[in-house]
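For the sequence shown, the positions run 24 to 243 when our numbering is used. Written below as structure tokens is the structure these notes are about.
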Amino acid sequence: MSLREALENLAQSARLRRPADVQRVIDQALMRLERSGIATSCLQPGETAPDFELEAADGGRVSLESALRDGPVVLTFYRGGWCPYCNLALRALDHALPALRARGARLLAISPQHAAALREIVARHGLRFTLLSDPENRVGRLFGLTFHLPDDLIAFYRAMGIDLAAANGAAQWELPLPATYVIARDGTVAHAFIDIDYTRRAEPADIVAAIERLAKEPVT
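See the structure below:
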């Protein structure tokens with residue numbers, strides 16, 4: 024089963040279980056995001072990715088500049104370990120890790136959660152790539168991906184026992200779009216998956232294909 028199929032099955036199951044009023048809150052939040060234009064105003068292919076340095080789950084620090092020294096970087100933003108769609112996507116990326124490494128690429132995942140929470144995610148899912156903590160969505164904001172949750176959606180999350188402000192160590196209820204970028208060694212975005220719908224994620228096969236295309240480009 025592809026990641027897309029697994030995500031669609033999960034989304035359909037969740038939709039069938041939700042009360043109609045809750046589903047309306049989610050649908051309206053997605054429509055507001057679409058109207059905001061964030062999917063086109065954020066970092067796009069052909070643009071230069073901003074450099075950053077963040078704490079990794081293992082306690083070290085990683086910068087984009089240092090990661091690019093050895094080859095292209097696959098950079099994926101995810102909401103947090105509380106999100107089942109994120110967990111599915113992280114496991115699918117881990118499965119694709121050998122193919123990415125064989126093509127010289129490094130995989131980095133960024134979340135606004137604390138590093139301690141990231142360590143728990145790494146252990147729970149047996150992830151073999153680097154998870155980075157982005158306090159208060161500072162890097163997400165640099166990439167133009169950060170948005171504030173509407174009050175009715177905050178109320179829904181709280182009812183579900185999800186306190187994003189506490190999980191992220193920030194006063195604001197903010198999240199990044201779960202976007203994925205393939206960044207060439209010179210910092211140029213060669214490929215991007217950007218979608219306002221949190222139930223959709225970059226297909227690992229498409230990411231591998233983007234790395235392969237990048238390798239075939241002539242060196243100037």
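Ideal Cβ placement from N, Cα and C applies to all residues, glycine included.
Simplified DSSP state of residue i, which is helix, strand or coil
i, result
"residue 171", "strand"
"residue 47", "helix"
"residue 132", "strand"
"residue 204", "strand"
"residue 84", "strand"
"residue 194", "coil"
"residue 233", "helix"
"residue 72", "coil"
"residue 238", "helix"
"residue 225", "coil"
heavy atom of the ligand NAD below 6 Å from residue i C-beta
i, result
"residue 205", "Ligands displayed in this structure: none; no statement on the ligand NAD is therefore possible."
Start-to-end residues for the alpha helix (DSSP H) that takes in residue i
i, result
"residue 63", "61-64"
"residue 36", "26-40"
"residue 115", "107-125"
Terminal residues of the beta strand (DSSP E) in which residue i lies
i, result
"residue 76", "76-79"
"residue 198", "197-199"
"residue 99", "96-100"
Exposed unless 16 or more other CB atoms sit within 10 angstroms - verdict on residue i
i, result
"residue 174", "exposed"
"residue 167", "buried"
"residue 199", "buried"
"residue 214", "buried"
"residue 80", "buried"
"residue 136", "buried"
"residue 119", "buried"
"residue 25", "exposed"
"residue 5", "The requested residue 5 is not part of the displayed model; the chain covers only 24 to 243."
"residue 102", "buried"
Beta-carbon contacts of residue i that lie in its chain and below 6 Å, excluding the five residues immediately before and after
i, result
"residue 27", "226"
"residue 129", "90, 96"
"residue 169", "160, 163, 197, 199"
Cβ neighbours of residue i in the same chain (closer than 8 Å, five flanking residues each side left out)
i, result
"residue 30", "108, 111, 112, 222, 223, 224"
"residue 49", "41, 176, 179"
Contact set for residue i: own chain, Cβ-Cβ below 7 Å, skip 5 residues either direction
i, result
"residue 86", "74, 75, 76"
"residue 18", "Examination of residue 18 is not possible in this model, given that the chain is present from 24 through 243 alone."
"residue 55", "173"
Quiz prompt | Runs of alpha helix (DSSP H) lying entirely within the stretch 136-190, each at least 4 residues, in chain order | solution = 138-148, 161-165, 174-182
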